[in-house]
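A quick write-up on the structure given underneath.
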Amino acid sequence: MKEQIQEKFRTLYGCDGEMFASAGRINLIGEHTDYNGGYVFPGAIDCGILAEIKPNGTAKVRAYSLDYDEFVEFGLNEEDKPEQSWASYIFGVCRETAKRGGKVEGFDTVFAGDVPLGAGLSSSAALESTFAFALNSLFDNGIDKFTLAKIGQSTEHNYCGVKCGIMDQFASIFGKSGSLIRLNCKTLEYKYFPFNPEGYRLVLVDSCVKHELASSAYNKRRESCERAARAIAKNHPDVEFLSDAKRVWLDEVRSEISEEDFIRAEYVIGEVQRVLDVCDALERGDYETVGEMMYQTHFGLSRLYEVSCEELDFLNRLARKCDVTGSRVMGGGFGGCTINLVKDELYDGFISAVKEQFTARFGHAPKIYDVVISDGARKLE
Ligand code: ADP
Ligand code: MG
46 MKEQIQEKFR TLYGCDGEMF ASAGRINLIG EHTDYNGGYV FPGAIDCGIL
96 AEIKPNGTAK VRAYSLDYDE FVEFGLNEED KPEQSWASYI FGVCRETAKR
146 GGKVEGFDTV FAGDVPLGAG LSSSAALEST FAFALNSLFD NGIDKFTLAK
196 IGQSTEHNYC GVKCGIMDQF ASIFGKSGSL IRLNCKTLEY KYFPFNPEGY
246 RLVLVDSCVK HELASSAYNK RRESCERAAR AIAKNHPDVE FLSDAKRVWL
296 DEVRSEISEE DFIRAEYVIG EVQRVLDVCD ALERGDYETV GEMMYQTHFG
346 LSRLYEVSCE ELDFLNRLAR KCDVTGSRVM GGGFGGCTIN LVKDELYDGF
396 ISAVKEQFTA RFGHAPKIYD VVISDGARKL E
């Protein structure tokens, strides 16, 4: 990929630039916790975006996407937004950097990536983070890393029509090889934990389905959580988000809220605790406990939070049958991937069982992505 980018860069612009990269991400555990002020636990992965960039001394950006085989030129003012969606991510990063007082002048770029698009690995955050990091470095803006992540998030909000949280861009900017990052979505405090599962592999199984339910169900889940948190806050005024509540405090209000709100809240409070338990387990190098927590999360998402689907439950059951250490749906639910922690010696058996049995049952093959926890945004020497 690197050689192809460099060759194209020379052909288009007649010189060499500097190379920058960033990564897609996984979230090991901590699902539907972000809007409840709880923890998420992401890490950057070994697939991402690679870009060669050089300031060109003009007020224009010239960008070539190798994957789309498309060249776009655009200015840096608000009215210059390009039509191509891939280019609007780059444009958005330029605008959001400028809005925060950063210097952004014209540049030339060629870039490519290997994060599967729309699979839940956040190829868009990889793209934003690469350019946010690169512009900061090239124009010597001295913007801190958190603000770089926010530049990516605001790009999605303001230029791509996606109202996302901060996790994806955070993971893509802060990611570090061999580490997962626990992010407190309320305070934005974060902490690195070791993730070096020797003897295990992390593999994503993409069901390649996306059910319609997703966005209306998402809003309903949020409302349930807010009602439960409000009920608890009557007894415990410090409770702002559901993640602030203890399990027994939820029991106190059981008769005041609907059964549905109760089980949704039960899942969230359990999930916040599971993230903490997984962090403890990782500090002990206890990957079996990590895996068991992943299964518990899947159970919660499927039976309590009810955001799973037939395909994902099938993959989860199959993982259990194949003695996979941990498995759960990753992301908002109703489709997408499961994330699996698999012992090396069981890997081949699991993957062939998944391919055979999933295809036989649902009539299409799942996709398999092996991932390794790796570095996030960086400059390549
Ligand atoms: P994801 O879940 O992977 O983030 P999104 O729909 O949010 O999916 O983002 C995918 C979009 O990001 C693509 O449609 C494209 O505009 C842009 N993108 C991601 N990777 C690349 C790439 N390698 N080259 C060009 N554009 C990319
Ligand atoms: Mg995205």
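Each residue of the sequence shown is one higher than the last, beginning at 46 in this note's numbering. All residues carry an ideal CB built from backbone N, CA and C; glycine is no exception. What you are looking at is a predicted structure, and each value in this text was computed from that prediction instead of being measured.
Rounded Cβ spacing between residue i and residue j (contact assumed at less than 8 Å)
{"i": "Lys-99", "j": "Glu-141", "result": "Contact doesn't hold; Cβ gap of about 21 Å is too wide."}
{"i": "Ala-68", "j": "Gly-421", "result": "5 Å"}
{"i": "Tyr-214", "j": "Glu-173", "result": "First, the amino acid is wrong: residue 214 is Gln here, not Tyr. Contact holds; Cβ gap of about 6 Å."}
{"i": "Ala-364", "j": "Phe-395", "result": "7 Å"}
{"i": "Tyr-204", "j": "Lys-265", "result": "Rounded, the Cβ-Cβ distance is 28 Å, inconsistent with contact."}
{"i": "Leu-357", "j": "Val-374", "result": "5 Å"}
{"i": "Gly-120", "j": "Ala-104", "result": "6 Å"}
{"i": "Ala-170", "j": "Ile-196", "result": "In fact, because the Cβ distance is near 11 Å, the residues do not count as touching under 8 Å."}
{"i": "Ile-218", "j": "Ala-194", "result": "5 Å"}
{"i": "Phe-116", "j": "Lys-255", "result": "At roughly 31 Å, the Cβ-Cβ gap does not stay under 8 Å, so Phe-116 and Lys-255 are not in contact."}
{"i": "Arg-299", "j": "Phe-307", "result": "6 Å"}
DSSP three-state assignment for residue i, whether helix, strand or coil
{"i": "Glu-118", "result": "strand"}
{"i": "Ala-290", "result": "coil"}
{"i": "Phe-184", "result": "coil"}
{"i": "Phe-238", "result": "strand"}
{"i": "Ile-277", "result": "helix"}
{"i": "Ala-364", "result": "helix"}
{"i": "Cys-324", "result": "helix"}
{"i": "Pro-94", "result": "According to the sequence shown, residue 94 is Ile rather than Pro. Note: Ile-94 maps to strand in three-state DSSP."}
{"i": "Asn-101", "result": "coil"}
{"i": "Asp-112", "result": "coil"}
{"i": "Asp-393", "result": "helix"}
{"i": "Val-207", "result": "coil"}
{"i": "Lys-231", "result": "coil"}
{"i": "Leu-166", "result": "coil"}
{"i": "Thr-370", "result": "coil"}
{"i": "Val-250", "result": "strand"}
{"i": "Arg-70", "result": "strand"}
{"i": "Phe-359", "result": "helix"}
{"i": "Met-339", "result": "helix"}
{"i": "Ile-50", "result": "helix"}
{"i": "Ala-89", "result": "strand"}
{"i": "Arg-140", "result": "helix"}
{"i": "Ile-302", "result": "coil"}
{"i": "Ser-174", "result": "helix"}
{"i": "Phe-344", "result": "helix"}
Nearest neighbour of residue i, chosen from the options [CA to CA]
{"i": "Gly-408", "options": "Ser-110, Tyr-237, Ser-252", "result": "Ser-252"}
{"i": "Ile-315", "options": "Gln-341, Glu-337, Glu-305", "result": "Note on residue identity: the sequence assigns Gly, not Ile, to residue 315. When only C-alpha atoms are compared, the closest one is Gln-341."}
{"i": "Leu-73", "options": "Ala-66, Tyr-80, Tyr-84, Phe-65", "result": "Tyr-84"}
{"i": "Glu-305", "options": "Ser-288, Ile-50, Arg-272, Ala-216", "result": "Arg-272"}
{"i": "Ala-276", "options": "Asp-389, Val-335, Asp-368, Leu-295", "result": "Leu-295"}
{"i": "Arg-70", "options": "Ser-168, Tyr-80, Leu-258", "result": "Ser-168"}
{"i": "Ser-419", "options": "Gly-220, Ser-303, Glu-337, Glu-301", "result": "Gly-220"}
{"i": "Cys-230", "options": "Asp-389, Asp-393, Asn-81, Arg-423", "result": "Asn-81"}
{"i": "Ala-157", "options": "Ala-177, Gln-49, Lys-190, Tyr-245", "result": "Gln-49"}
{"i": "Ala-274", "options": "Ser-260, Leu-346, Val-293", "result": "Val-293"}
{"i": "Asp-389", "options": "Gly-223, Arg-406, Asp-368, Gln-129", "result": "Asp-368"}
{"i": "Ala-143", "options": "Glu-301, Val-160, Asn-181", "result": "Asn-181"}
{"i": "Gly-223", "options": "Ala-66, Leu-258, Lys-424, Val-416", "result": "Val-416"}
{"i": "Arg-423", "options": "Gln-51, Phe-65, Met-46, Gly-59", "result": "Phe-65"}
{"i": "Ser-130", "options": "Asn-122, Arg-145, Leu-162", "result": "Leu-162"}
{"i": "Arg-362", "options": "Glu-301, Lys-190, Phe-379, Thr-383", "result": "Thr-383"}
{"i": "Val-155", "options": "Glu-297, Arg-406, Tyr-113, Phe-286", "result": "Tyr-113"}
{"i": "Tyr-245", "options": "His-281, Arg-406, Leu-391", "result": "Leu-391"}
Beta-carbon proximity of residue i to residue j, cut-off 8 Å
{"i": "Leu-428", "j": "Phe-403", "result": "The structure shown does not extend to residue 428, since the chain spans only 46 to 426, so no value can be given for it."}
{"i": "Ala-96", "j": "Ala-216", "result": "no"}
{"i": "Gly-377", "j": "Tyr-235", "result": "no"}
{"i": "Thr-192", "j": "Val-138", "result": "no"}
{"i": "Asn-101", "j": "Asp-153", "result": "yes"}
{"i": "Arg-212", "j": "Asp-79", "result": "A small correction: the amino acid at residue 212 is Met; Arg does not occupy that position in the sequence shown. Their beta carbons are under 8 Å apart, which means Met-212 touches Asp-79 by this criterion."}
{"i": "Phe-238", "j": "Cys-324", "result": "yes"}
{"i": "Val-335", "j": "Gly-371", "result": "yes"}
{"i": "Ser-260", "j": "Arg-309", "result": "no"}
{"i": "Leu-327", "j": "Phe-240", "result": "yes"}
{"i": "Met-339", "j": "Asp-159", "result": "no"}
{"i": "Leu-346", "j": "Glu-76", "result": "yes"}
Chain C within 8 Å of residue i, Cβ atoms only
{"i": "Lys-388", "result": "Going by chain labels, chain C is absent from the structure shown, which holds only one protein chain."}
Does the contact criterion of 3 or more C-beta pairs under 8 Å hold for the segment 99-117 versus the segment 203-216?
Result no; under three Cβ-Cβ pairs closer than 8 Å.
Cβ pair count under 8 Å reaching 3, the segment 249-263 against the segment 410-424
Result yes; three or more Cβ-Cβ pairs closer than 8 Å.
Take every Cβ of the segment 134-151, pair it with every Cβ of the segment 86-95, and state whether three or more of those distances are shorter than 8 Å.
The segment 86-95 and the segment 134-151 do not touch, with fewer than three beta-carbon pairs separated by less than 8 Å.
Contact between the segment 53-60 and the segment 314-329 is defined here as three or more beta-carbon pairs at a separation below 8 Å; is this criterion met?
Judged by Cβ distances under 8 Å, the segment 53-60 makes no contact with the segment 314-329, as fewer than three pairs qualify.
Three or more C-beta pairs under 8 Å: does that hold for the segment 186-202 against the segment 138-157?
Short answer: they touch.
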